[in-house]
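One structure is given below, encoded as structure tokens.
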Amino acid sequence: DLAKSTRSFGNDISDNALRRAFVGRVASFETYKLDYSVRKAAAAGGAGLTMSTLPAANNFWVPRAQTVAATGEAANIDNRFQTITVSSTTNVAPGDSFTSANVFAVHHITKQSTGVLKTFRVIAVPTATTLVISPPIISNQGGSDAEAQYQNVTIPVTSATAAITFLNTAAAAMNPFWQKDAIEILPGRYAVPTDAGAAVMRASTDQGIELVMTKQYDIKTMKTLFRLDTLFGVVNKQPQMSGIIMFGQP
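Heads up, the numbering used here is the position in the sequence shown plus 9, with the first residue counted as 1.
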């Protein structure tokens, strides 16, 4: 009832949450209000989806910096993502979250199992049997130095049909969280013609993002036009240090 929902628990956190809609720092997280959150649909992939965790299936990732084509050209590798083979991708959608049987997360320093199944995110669905996921499955099944250093999972029991379980089983709003260094804003700069009769003013925010205001008189309409632009990009450098929380999941 209303009396219970507005009662004070005798501490600043509950009082501020009630009076100011402010929570502040909780478990080392700085919390903020968000009224434009995107809503994620419930996963529709259904039961019965499996993947092979056997070493021979090559569903594990080997971190590397580059790949060299047969013709000698070197290309950089994006180790944030991996393409895996599954039994079916019917109704699986980008953004769905899942775990796989016996694929446990490890502590990133000690490499010991946490006893908690590793969570993966579907980034893309290229074919009927392949998914692009993040983070990659680095299980050290290949035994290379790179795998040992970047290992993020352990698979004590492998299977040709390890069950895939989707976590976002109920539609809900997405609440993002991230470690500061995981997200980077890349400011850009563009040139405005200096001989086109436009007046240009430039300024930068405290974060280094440039704002450009341009003013020009239109002789056809006898109006002065103003334009304000900014140019920047956002990159998620470390997906394992960011994610979303969806409340109300069964």
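Quick reminder that beta carbons are idealized off the backbone N, C-alpha and C, glycines included. Just so we're clear, the structure is a prediction, and the values are computed from it rather than from any experiment.
* Asked: What are the boundary residues of the beta strand (DSSP E) that includes TYR226?
  -> Here the question's residue 226 lines up with position 217 in the sequence shown. According to the DSSP assignment, TYR226 belongs to the beta strand (DSSP E) that extends over 219–227.
* Complete runs of the beta strand (DSSP E) confined to the segment 168–204 [at least 3 residues] -> Counting whole runs of 3 or more residues, the segment 168–204 contains the beta strand (DSSP E) stretches 171–175, 184–187, 192–196.
* To do: Using alpha carbons as the reference points, say which of ILE93, ALA74, VAL95 lies closest to ASP87.
  => Walking along the sequence shown from the start, residue 87 turns up at place 78. The residue with the shortest Cα to Cα distance from ASP87 is ALA74.
* **Segment contact, 8 angstroms Cβ cut-off, at least three pairs: the segment 144–151 with the segment 82–101** => Here the segment 144–151 makes contact with the segment 82–101; the two share three or more CB pairs at distances below 8 angstroms.
* Exposed or buried, PHE38, counting other C-beta atoms within 10 Å across all chains shown (16 or more means buried)? -> Position 29 of the sequence shown, counting from 1, holds the residue named residue 38. Exposed, by the Cβ-count rule.
* Would the beta-carbon of SER122 fall within 8 angstroms of that of PHE113? -> Residue mapping note: residue 122 aligns to position 113 of the sequence shown, counting from 1. Residue mapping note: residue 113 aligns to position 104 of the sequence shown, counting from 1. Contact: yes.
* **Delimiting residues of the beta strand (DSSP E) encompassing ILE142** => Within the sequence shown, the letter at position 133 stands for residue 142. Taken as a continuous stretch (DSSP letters only), the beta strand (DSSP E) holding ILE142 covers 139–143.
* Below 8 angstroms on the Cβ atoms is my guess for PRO196 versus ILE218; work out the distance and round it to an integer in Å. => As a working note, residue 196 is residue 187 in the sequence shown. As a working note, residue 218 is residue 209 in the sequence shown. The C-beta distance from PRO196 to ILE218 rounds to 5 angstroms, short enough to meet the 8 angstroms contact threshold.
* Asked: Across which residues does DSSP place GLN75 in a beta bridge pair?
  -> For the purposes of this step, residue 75 is identified with residue 66 of the sequence shown, where counting begins at 1. According to DSSP, GLN75 bridges with ASN85.
* **Residues of its chain near ALA84, where Cβ-Cβ distance is below 6 angstroms and the 5 sequence neighbours each way are ignored** => In the sequence shown, the residue the question calls residue 84 occupies position 75. Excluding residues within five positions, the ones whose Cβ falls inside 6 angstroms are THR76.
* Asked: Residues in its own chain within less than 8 angstroms of ARG34 by CB, not counting five upstream and five downstream?
  -> Counted from its first residue, the sequence shown places residue 34 at position 25. Closer than 8 angstroms at the Cβ level, and outside the excluded window around ARG34, lie THR40.
* Asked: Are the segment 155–167 and the segment 225–245 touching by the rule of at least three beta carbon pairs closer than 8 angstroms?
  -> No, they do not touch.
* What are the residues that DSSP puts in a beta bridge with GLN91? -> Locating residue 91 in the sequence shown gives position 82, counting from the first residue. For GLN91, DSSP records a beta bridge to ILE142.
* Asked: Could you give the distance in angstroms between the alpha-carbon of VAL125 and the alpha-carbon of VAL209?
  -> Walking along the sequence shown from the start, residue 125 turns up at place 116. Walking along the sequence shown from the start, residue 209 turns up at place 200. Looking at the two C-alpha atoms, the distance is approximately 56 angstroms.
* Buried versus exposed, by CB contacts within 10 Å (16 or more), THR62 -> As a first step, residue 62 is located in the sequence shown; it is residue number 53 there, counting from the start. Under the 10 Å beta carbon count, THR62 is surrounded by 16 or more other beta carbons and is classified as buried.
* Taking DSSP as the reference, what is the three-state secondary structure of ASP10? -> Position 1 of the sequence shown, counted from the first residue, corresponds to residue 10. Annotation note: pLDDT 49 at ASP10 (below 50); position unreliable, no value reported.
* Asked: Per the contact definition of three or more C-beta pairs closer than 8 angstroms, is the segment 173–181 in contact with the segment 49–60?
  -> Taking a cut-off of 8 angstroms on C-beta distances, the segment 49–60 touches the segment 173–181, as three or more cross pairs fall below it.
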